[in-house]
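Below is one structure, written out as structure tokens, with a few remarks after it.
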Amino acid sequence: MSTSPLIPPPALVQREQRHDTRAIQALDSAHYLHPFTDHADLASIGARVITHGEDIYVWDSEGHKILDAMSGLWCVNAGYGRKELADAAYRQMMTLPFYNSFFQTTNVPAVKLAEKLASLAPPAGDRRFEHVFFSSSGSESNDTNVRLVRRYWDLLGQPQRKVIISRHNAYHGSTMAGASLGGMGAMHAQGDLPIPGIVHIDQPHYGEHGRGGESREAFGLRAARWLEDKILEIGPDKVAAFIGEPVQGAGGVIIPPETYWPEIQRIVDKYGILLISDEVICAFGRLGHWFAYEKFGMRPDLVTFAKGVTSGYIPLGGVMVGDRVARVLIDKGGEFNHGYTYSGHPVACAVALANLELMAREDLPGRVRTDVGPYLAQQFEALKEHPLVGEAETCGFVAGLMLVKDKARRQTFDPDLAVGMICRGHCFRNGLIMRAVGDRMIIAPPLTMTRAQIDEMVALIRRCLDATLADLRTNGRLA
């Protein structure tokens, strides 16, 4: 890796920095409230201190090298240590570190990024994406969607159309509106959620809701029609929009049958409601396309993005606003009383531009679609041979393994055993970051991963599955 007087390479950073792990953990426990964390539990064990990263690996303060199969949090698409992105941030900071987009002002990186995103977003049938509303995260972007959707129907003289339909076990952020749109019961239990006007239908999870003898294709149609049932229950004249992740991420990498999204599209078109594609995880090459709606043949009106747009190097999110909504907002709306201090932040936009240029130059979406994505699918298919693996699925560069007690009878483990967390613990001890969602183990590696690194990752996964199996047998939890 080339060096710079401003940004030392990771190897140099590692040599120069020395960390007192226990001291950092003590300060962490004393002052830092983490997201989605039991802080009493964390204080008892001490946080893992990550110090630096390079390519697809991170290192902790104890010097352990860890293969990051989760891309940080679904976001480091271009891998760690990309000097081009750090240089872009430095140049912009020295030019214009910040200015707001209020009061009829703009900045060059925000304008150029909006133009770039519009060029990357393919037409969806007769729908085009020429406009972008910037935020700093996916949560903020989905809050923006609620405002956009309700303002749209107000301007069309249908203010009663306020209800947004989502899905159980979906994740759309952790703000009040984002968490309400999501279907996570544990989040709803804290804060009197969901807020009014948001309802949920079941997720298209074949393993959970499929009937005996029912094909995936038939299930996909049946699951999509739960949306129509809910629209008719509420009243079509009261429904504003349906929101969904093309592939549910935090819910456990739930990949819908191929029949699902076309039928959803038919239903929203039939009743004239808006479709929101939440692509915070799925966009920017993760599924082999710049935007996932292209892969699934969706024709959304709004597309949520964040994470991979900067490869996580700096916070940035936004909404691609389709012409159906944008034209009403622009032509009839007057002032739109919504926005954020950091909307169109010049440094974030400059990093995003450099990131998208890097991804295009290395054709990361294309190699996921035609090379490393199919290879990952092939290697994951082989993991079905393991005694603990009842299901192994991939879509582009996301994948999930379902851990089961009895493969022949598809018998799952008692949730109280927390088998997924047992496996996750073995992953960390063996130099692998793999996420547990219940007893479903999921990955979303950097898109730069090579075939040799996929082999390395899968070998580590096998080792961790073996260790989990041995652990369960030793403790009498599995015959």
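Counting from 1, one number per residue, gives the positions in the sequence shown under my numbering.
Each residue gets a CB set at the ideal place from its N, CA and C atoms; glycine is no exception.
For clarity, every value in this text was computed on a predicted model and none was experimentally measured.
Separation of residue j from residue i, as counted between CA atoms
{"i": "A86", "j": "G53", "result": "13 Å"}
{"i": "V239", "j": "R222", "result": "20 Å"}
{"i": "V309", "j": "L316", "result": "7 Å"}
{"i": "A354", "j": "T394", "result": "29 Å"}
{"i": "R410", "j": "M94", "result": "58 Å"}
{"i": "S29", "j": "T21", "result": "12 Å"}
{"i": "A392", "j": "L465", "result": "13 Å"}
{"i": "I45", "j": "R91", "result": "41 Å"}
{"i": "L6", "j": "A408", "result": "Model confidence at L6 stands at a pLDDT of 45, short of 50, so the residue's coordinates are unreliable and nothing is read from them."}
{"i": "G197", "j": "I164", "result": "6 Å"}
{"i": "G210", "j": "Y375", "result": "28 Å"}
{"i": "A179", "j": "Y171", "result": "7 Å"}
{"i": "A470", "j": "A26", "result": "34 Å"}
{"i": "Y80", "j": "V351", "result": "14 Å"}
{"i": "L356", "j": "N107", "result": "18 Å"}
{"i": "I454", "j": "A436", "result": "19 Å"}
{"i": "R367", "j": "D439", "result": "30 Å"}
{"i": "G396", "j": "G72", "result": "17 Å"}
{"i": "V419", "j": "F305", "result": "32 Å"}
{"i": "V199", "j": "I231", "result": "10 Å"}
{"i": "E456", "j": "N337", "result": "51 Å"}
{"i": "M70", "j": "G334", "result": "43 Å"}
{"i": "Q158", "j": "Y271", "result": "14 Å"}
{"i": "T412", "j": "L478", "result": "11 Å"}
{"i": "P262", "j": "H31", "result": "49 Å"}
{"i": "F134", "j": "K307", "result": "13 Å"}
{"i": "F36", "j": "A43", "result": "14 Å"}
{"i": "D363", "j": "I461", "result": "27 Å"}
Coarse secondary structure for residue i, derived from DSSP in three states
{"i": "L274", "result": "strand"}
{"i": "A189", "result": "coil"}
{"i": "F305", "result": "strand"}
{"i": "I483", "result": "This structure leaves residue 483 out entirely; the chain is present only between 1 and 479."}
{"i": "F380", "result": "helix"}
{"i": "G178", "result": "helix"}
{"i": "L403", "result": "strand"}
{"i": "I243", "result": "strand"}
{"i": "I195", "result": "coil"}
{"i": "C395", "result": "strand"}
{"i": "G366", "result": "helix"}
{"i": "V319", "result": "strand"}
{"i": "Q25", "result": "helix"}
{"i": "I254", "result": "strand"}
{"i": "Q248", "result": "strand"}
{"i": "I461", "result": "helix"}
CB contact flag (residue i, residue j, <8 Å)
{"i": "M187", "j": "L193", "result": "yes"}
{"i": "R361", "j": "G288", "result": "no"}
{"i": "K65", "j": "G431", "result": "yes"}
{"i": "M441", "j": "G207", "result": "no"}
{"i": "Q160", "j": "D41", "result": "no"}
{"i": "S505", "j": "S174", "result": "Examination of residue 505 is not possible in this model, given that the chain is present from 1 through 479 alone."}
{"i": "L302", "j": "V280", "result": "no"}
{"i": "R48", "j": "D38", "result": "no"}
{"i": "R463", "j": "G322", "result": "no"}
{"i": "R145", "j": "I234", "result": "Residue identity check: residue 145 is Asn in the sequence provided, not Arg. No, these two residues do not count as a Cβ contact at 8 Å."}
{"i": "A444", "j": "W74", "result": "yes"}
{"i": "I195", "j": "A224", "result": "no"}
{"i": "R266", "j": "G125", "result": "no"}
{"i": "Y260", "j": "S136", "result": "no"}
Residues near residue i in its chain [Cβ-Cβ closer than 8 Å; skip 5 each side]
{"i": "N169", "result": "G183, M184, Q203, H205, Q248, G251, G252 and I254"}
{"i": "P509", "result": "With the chain covering only 1 through 479, there is no way to say anything about residue 509."}
{"i": "D229", "result": "I201"}
{"i": "Q379", "result": "I454, D455 and V458"}
Close Cβ partners of residue i (< 6 Å) along its chain, the five nearest in sequence each way excluded
{"i": "T519", "result": "In this structure the chain extends from 1 to 479, so residue 519 is not present and cannot be described."}
{"i": "A459", "result": "none"}
{"i": "V76", "result": "S311, G312 and P446"}
{"i": "A110", "result": "G344 and C349"}
{"i": "E84", "result": "A354 and L358"}
{"i": "S139", "result": "G173, S174, T175 and G178"}
{"i": "S4", "result": "At S4 the pLDDT is 38, less than 50, meaning the model places this residue with poor confidence; the figure from the coordinates comes in the next sentence. Result list for S4: empty, nothing under 6 Å."}
{"i": "P122", "result": "E294"}
Contact set for residue i: own chain, Cβ-Cβ below 7 Å, skip 5 residues either direction
{"i": "V328", "result": "Y152, L155 and L156"}
{"i": "E381", "result": "A392"}
{"i": "M449", "result": "I56 and V372"}
{"i": "H19", "result": "V49, T51 and S61"}
{"i": "A377", "result": "T394"}
Open item on the list: Extract the residue ranges of the beta strand (DSSP E) inside the region 101 to 171, only unbroken runs of 3 or more that lie entirely within it.
Closed with: Within the region 101 to 171, the complete beta strand (DSSP E) segments of 3 residues or longer fall at 129 to 135 and 163 to 167, listed in chain order.
Task: alpha helix (DSSP H) segments (min. 4 residues) lying fully within the region 45 to 84 - done: Segments of the alpha helix (DSSP H) lying fully in the region 45 to 84: 71 to 74.
Open item on the list: Which runs of the alpha helix (DSSP H) at least 4 residues long sit entirely within the region 205 to 232? Give them in chain order.
Closed with: Contiguous alpha helix (DSSP H) elements confined to the region 205 to 232 occur at 206 to 209, taking only those with 4 or more residues.
TODO: Let me know the alpha helix (DSSP H) ranges lying completely inside the region 413 to 456, each 4 residues or longer, listed in chain order.
DONE: Note on the region 413 to 456: whole alpha helix (DSSP H) runs with a minimum of 4 residues are 419 to 429, in chain order.
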